[in-house]
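As numbered in my numbering, the sequence shown has no gaps in its residue numbers, which increase by one up to the final residue, 243. C-beta atoms are modelled at their ideal positions from N, C-alpha and C, and glycine is treated no differently. Here the structure is laid out as structure tokens; the discussion comes afterwards.
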Amino acid sequence: MVETLSIAVIGAPGVGKTSIIRQFIYNDFSEVYTPTRTRYVYRPSVILNGNMYELKILDVPPISSFPSSSSQEWLDLRCRGVRNANAYILVYDICCVESFEYVKMIRQQIVENREGSSSEVPILVVGNKRDLQRQRFMPRRAVSVLVKKTWKCGYVECSAKFNWHVVLLFKELLGIAVARGMRQNHTSIRLQGALQRNRCTIM
Ligand code: GDP
Ligand code: MG
């Protein structure tokens with residue numbers, strides 16, 4: 041039995057969302073910045089602790105706010121699937137304070153806009169571009185304490201450029217999601233698709 045988890049990756053433009061996803065799935069990195077203009081879905085399969093999961097990773101293009109209603113989500117193509125994701129990765133650039141402010145705003149809106157117990161959806165805050173850490177705007181420990189203690193989110197720093205902690209961050213998020221039982225399609229069996237080339241990532 042294979043379970044499907046949809047993960048929305050959100051963050052300010054240029055923080056490295058696409059780079060993180062592409063490094064995770066294809067071990068590929070480009071120095072050239074190609075802004076993501078439309079929503080893109082990646083469907084890798086992963087194995088964690090002996091169980092297989094199908095991931096539906098949404099690379100969300102820049103959005104000014106988290107969709108506050110289902111109709112807003114369906115009217116704006118960029119937001120499709122964002123409200124009902126099973127988990128969120130909120131990426132910021134450790135050298136750019138504005139990108140952290142953006143993550144702060146989106147986290148607040150997720151909690152306010154998702155109703156009831158679904159507001160407890162797993163959220164992992166990711167500080168990318170760790171290779172540039174001499175230019176960081178805040179010490180790692182201070183951000184980590186704020187995010188974990190006050191926001192009650194997971195926190196990982198990574199470098200998409202050097203593939204450092206990229207697998208770890210997906211493992212961390214999946215671990216939290218599975219522990220909280222945030223799953224969907226409990227009965228979907230799609231082993232064939234999972235075994236296609238480039239779709240199977242073993243963690
Ligand atoms: P997105 O707009 O959030 O999807 O950002 P991209 O993934 O397109 O990356 C934006 C730019 O940042 C590109 O020029 C990447 O090469 C660069 N970049 C992404 N991740 C890293 C990183 O970990 N370190 C460094 N130094 N640059 C990165
Ligand atoms: Mg992008």
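- Using a 10 angstroms sphere on the CB of A200, the tally of other CB atoms reaches 16 or more, which defines it as buried.
- Closest in C-alpha terms to A52, from the list P179, G90, S105, comes S105.
- Relative to the ligand GDP, T190 has its C-beta separated by 7 Å or more from all heavy atoms.
- For the ligand MG, a non-hydrogen atom lies closer than 7 Å to the CB of K57.
- Between W204 and R174, the CB-CB gap reaches or exceeds 8 Å.
- One alpha carbon belongs to P101, the other to L115, and they sit about 15 Å apart.
- D99 has its CB nearer than 7 Å to a heavy atom of the ligand MG.
- If you ignore the 5 residues before and after V183, its C-beta comes within less than 6 Å of no other C-beta in its own chain.
- In the same chain as I150, and ignoring 5 residues on each side of it, the C-beta atoms closer than 8 Å to its own belong to F106, Y128, S159, V161, I163, in chain order.
- Unbroken alpha helix (DSSP H) stretches of 4 residues or longer found wholly inside the stretch 60 to 129: 110 to 115, given in chain order.
- In the three-state reduction of the DSSP assignment, V131 falls in the strand class.
- Inter-segment contact for the stretch 85 to 100 and the stretch 67 to 75 is absent: fewer than three beta-carbon pairs are separated by less than 8 Å.
- Per DSSP, G215 is one residue of the alpha helix (DSSP H) stretching across 206 to 219.
- In this structure the stretch 42 to 60 lies against the stretch 139 to 153, because at least three pairs of beta carbons, one per stretch, are closer than 8 Å.
- Taking the Cα of R176 as reference, the smallest distance to any Cα among V166, R154, D133 is reached at D133.
- For A48, the secondary structure class from DSSP, reduced to helix, strand or coil, is strand.
- Shown here for V131: same chain residues with a beta carbon closer than 7 Å to its own, the five before and five after excluded, namely V49, G51, V55, G56, K57, I60, V166, N168 in chain order.
- Selection E212, I216, I97 evaluated against R79 yields I97 as nearest (Cα-Cα).
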